[in-house]
Amino acid sequence: MRFSFSIENWFALSAGLSSKSDWELWSKQDNHNWDLPLPKLNKLPMMQARRMSIPSRLAVEVGLELIENKKLDLAIFSSRHGELERTYKILTSLNQANDISPTDFALSVHNTASGLFTINAKQSIPITSLSANNDGFQQSLIEALPILQQKDKKVLLIDFDGIVPKPYLTHIDQLVPYYAVGYILTNGNQFTCQSVDKMSEQNPINYPQSLVFLRAYLNKKQNFIIQGLSQDWQWTINT
Numbered sequence: 001m002r003f004s005f006s007i008e009n010w011f012a013l014s015a016g017l018s019s020k021s022d023w024e025l026w027s028k029q030d031n032h033n034w035d036l037p038l039p040k041l042n043k044l045p046m047m048q049a050r051r052m053s054i055p056s057r058l059a060v061e062v063g064l065e066l067i068e069n070k071k072l073d074l075a076i077f078s079s080r081h082g083e084l085e086r087t088y089k090i091l092t093s094l095n096q097a098n099d100i101s102p103t104d105f106a107l108s109v110h111n112t113a114s115g116l117f118t119i120n121a122k123q124s125i126p127i128t129s130l131s132a133n134n135d136g137f138q139q140s141l142i143e144a145l146p147i148l149q150q151k152d153k154k155v156l157l158i159d160f161d162g163i164v165p166k167p168y169l170t171h172i173d174q175l176v177p178y179y180a181v182g183y184i185l186t187n188g189n190q191f192t193c194q195s196v197d198k199m200s201e202q203n204p205i206n207y208p209q210s211l212v213f214l215r216a217y218l219n220k221k222q223n224f225i226i227q228g229l230s231q232d233w234q235w236t237i238n239t
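Heads up, the sequence shown is in the UniProt record's numbering, so the first residue is 1 and it goes up one at a time.
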């Protein structure tokens, strides 16, 4: 499989990373302290934010930052774990025979962030919410292709995730506890991607695919590989 597209804009938020310049520095470093404070929210109303989980807050904030004065044709929200923290809280309450919070119940679905995004953006936008394990970013790009192959179309792609509750950590290796990264995608040839056979099993996926891509993009790498579960992805930045 082979496809191309261009990026009109990007934005991301995570621990200690609240601006593009912060991410530029991050892209040049081998290590980052993911225990730093999370960034303050500038777009999302506080009353709305109080009801939301941390990953949903970051995802909606990134989306609101990117769509200012823009009209979208599609928004795609990708998250491996979604509202897992909230779901675990509900399961714990049930196990202890306690009442379940109505807010937790209402906001425990996988499309919570995307729904709250459209409400706060006050735009009627077609939305897709995806979960594809470690392949969320790559599968989201494939989801965007039918729109991107048309002229003058814009797609918002946001990949985000939150902390994994302790009981699940025996099965999941998580490096980045909270993050949200978003891209405004358009038709074009700035980037070309094609699927390739698995290169190696020796290098585990340390960063989410969207952050692997962002690091390579900010470092202006002309060729790089993003690992997937069953296949890898060969990327080329066209100059």
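Glycine included, every Cβ here is placed at the ideal spot set by N, Cα and C.
Query: Cβ atoms of Ser56 and residue 270: under 9 Å apart, would you say?; Result: Because the chain here runs from 1 to 239, residue 270 falls outside it and cannot be looked at.
Query: How is the alpha helix (DSSP H) around Ser129 delimited, first residue to last?; Result: No alpha helix (DSSP H) contains Ser129, which is instead part of the beta strand (DSSP E) from 127-130.
Query: Helix, strand or coil for Ile172 per DSSP?; Result: coil
Query: From the DSSP secondary-structure annotation, give me the bridge partner or partners of Gly182.; Result: Phe11, Ile158
Query: Only counting the same chain, and skipping five residues up and downstream in sequence, which positions put a Cβ closer than 7 Å to that of Thr87?; Result: Ser108
Query: Out of Phe77, Ile237, Gln194, Tyr217, which has the shortest C-alpha to C-alpha gap to Gln231?; Result: Gln194
Query: Per DSSP, what kind of secondary structure is Arg86 in: helix, strand or coil?; Result: helix
Query: Would the region 62-76 count as touching the region 150-158 if we require 3 or more Cβ pairs under 8 Å?; Result: yes
Query: Quick one: Cα of Tyr183 to Cα of Asp99, how far?; Result: 39 Å
Query: Run through the region 45-106 for me and flag every whole beta strand (DSSP E) of 3 or more residues, listed as ranges in chain order.; Result: 74-78
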